[in-house]
Amino acid sequence: MSAASARPVTITACPDGPLLVRGELALYDDDGEPVQPNRRTVALCRCGASAIRPFCDGSHKLVGFRTGPPPRTPAVTFDEP
Ligand code: FES
């Protein structure tokens with residue numbers, strides 16, 4: 150992979166599901182060994198129920214994983230000088 154062909158990595162949180170990671174990335178297991186995702190888009194488990202962690206295997210549906218509404222972002226205000 151050359152720097153010119155590298156795509157920026159994006160991470161999308163799926164409601165009630167995995168994190169979808171797209172782009173050129175390096176992924177390592179708990180022992181620091183590289184994991185080959187063998188695909189352009191990787192679904193990473195965030196429910197903890199997958200049998201093939203760190204990847205999602207769809208178990209989030211079986212366990213009823215819910216992410217809830219997104220956190221509210223506090224409004225940013227600036228004091229007048
Ligand atoms: S998020 Fe899909 S199995 Fe955990």
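Take the position in the sequence shown, starting the count at 1, then add 149; the result is the number in my numbering. Every residue gets a Cβ at the ideal spot worked out from N, C-alpha and C, and that includes glycine.
Where does residue i land, buried or exposed, given buried means 16+ other C-beta within 10 angstroms?
i, result
"residue 209", "buried"
"residue 212", "exposed"
"residue 205", "buried"
"residue 150", "With a pLDDT of only 45 at residue 150, under the threshold of 50, the placement of this residue in the model should not be trusted, and no figure is reported."
"residue 196", "buried"
Does ligand 1 have a heavy atom nearer than 7 Å to the CB of residue i?
i, result
"residue 233", "The first residue shown for the chain is 150 and the last is 230, placing residue 233 beyond what the model contains."
"residue 181", "no"
"residue 217", "no"
"residue 167", "yes"
"residue 206", "yes"
Cβ contact (3+ pairs, closer than 8 Å) linking the segment 184-199 and the segment 165-175: Taking a contact to require three or more Cβ pairs closer than 8 Å, the segment 184-199 and the segment 165-175 qualify as touching.
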